[in-house]
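**Student:**
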Amino acid sequence: MIRAIVCVDEKWAIGKNNNLLFHLKKDMQFFKEKTNLSIVVMGENTLLSLPGGKPLKDRINIVLCPEGHEHPGCVCFHDFDKLVKQLKVLDSDIYVIGGGMLYNSMLPYYDEVYVTKVKADGEGTVFFPNLDKNSDFGIADISEDIDDNGYILNFCTYKRLFNYA
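Numbering (this note's numbering), first residue to last: 1405 to 1569.
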């Protein structure tokens, strides 16, 4: 199953200047719990934005590197179509974790999307598609309001209603 996991502000922004908009302990814990011992898929800039530019521990890190770069500890794909073809045949939990271009390009392939919605404007410049306005997805679950470092957030699960991919 191919999923995305993302934290968005009230405008569905996810980042600015290759950084997250928020650093929230409960969101990071949620991310770790969901993706631990799974496959995470990211663009090269997302990998480079991780601490030390190193892959995430206890996960298989797959990175789309269209410029042909290789990164130690990662499985690198240089072509988006080859990446998608490989992901479709894997019998594992797969989580797309960013960045904006990869999130958007992978939209037709998501079965589920875990969205942490922060009730704030992070003044982001990179956006995730607004699933509330996408007829292919419906909200399957939403948490109660949670206070995380002074921000109010909800953990939401969106499921694909129609499959075109």
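Heads up, the beta-carbon is just placed ideally off N, CA and C, and yes, glycines get one too.
State the start and end residues of the unbroken beta strand (DSSP E) segment that holds Asn1449.
**Tutor:** Numbered from its first residue, the sequence shown carries residue 1449 at position 45. Not the beta strand (DSSP E): Asn1449 falls in the alpha helix (DSSP H), residues 1448 to 1453.
**Student:** Decide if the stretch 1406 to 1426 is in contact with the stretch 1513 to 1527; the criterion is three or more beta carbon pairs, one per stretch, under 8 angstroms apart.
**Tutor:** The stretch 1406 to 1426 vs the stretch 1513 to 1527: in contact.
**Student:** In this structure, what does DSSP give as the bridge partners for Ile1550?
**Tutor:** For this step, residue 1550 is matched to residue 146 along the sequence shown. Ile1550 pairs with Leu1557.
**Student:** What is the residue span of the alpha helix (DSSP H) that Lys1486 lies within?
**Tutor:** By one-based count along the sequence shown, residue 1486 stands at place 82. Start and end: 1484 to 1493.
**Student:** Hey, quick one: how far does the beta strand (DSSP E) through Thr1570 stretch, first residue to last?
**Tutor:** Because residue 1570 is not part of the residues shown, which for the chain are 1405 to 1569, the question remains open.
**Student:** With DSSP collapsed to three states, give me the class of Lys1537.
**Tutor:** Numbered from 1 along the sequence shown, position 133 holds the residue referred to as residue 1537. DSSP places Lys1537 in helix when its eight states are reduced to three.
**Student:** Indicate whether at least one CB of chain B lies closer than 8 angstroms to the CB of Gly1472.
**Tutor:** Although the question refers to chain B, the structure presented lacks it and comprises just one protein chain.
**Student:** According to DSSP, simplified to helix, strand and coil, what is Gly1457?
**Tutor:** Working through the sequence shown from its first residue, we reach residue 1457 at position 53. In this structure, Gly1457 counts as helix in the three-state DSSP scheme.
**Student:** Give me the Cβ distance between Leu1454 and Leu1460, rounded to the nearest whole Å; I'm assuming they're in contact under 8 angstroms.
**Tutor:** To locate residue 1454, count along the sequence shown from 1; it is residue 50. To locate residue 1460, count along the sequence shown from 1; it is residue 56. That belief holds up - the Cβ atoms of Leu1454 and Leu1460 are roughly 7 angstroms apart, short of 8 angstroms.
**Student:** Taking the Cβ atom as the reference point for each residue, do Tyr1562 and Ile1543 lie within a distance shorter than 8 angstroms?
**Tutor:** To locate residue 1562, count along the sequence shown from 1; it is residue 158. To locate residue 1543, count along the sequence shown from 1; it is residue 139. Yes, the pair counts as a contact, with Cβ atoms nearer than the cut-off.
**Student:** Report the partner residues of Arg1463 according to the DSSP bridge assignment.
**Tutor:** Looking up residue 1463 in the sequence shown gives position 59. Its beta-bridge partners do not exist; DSSP assigns none.
**Student:** Taking the continuous beta strand (DSSP E) assigned at Tyr1619, which residues delimit it?
**Tutor:** Not covered by the structure: residue 1619. The range shown for the chain is 1405 to 1569.
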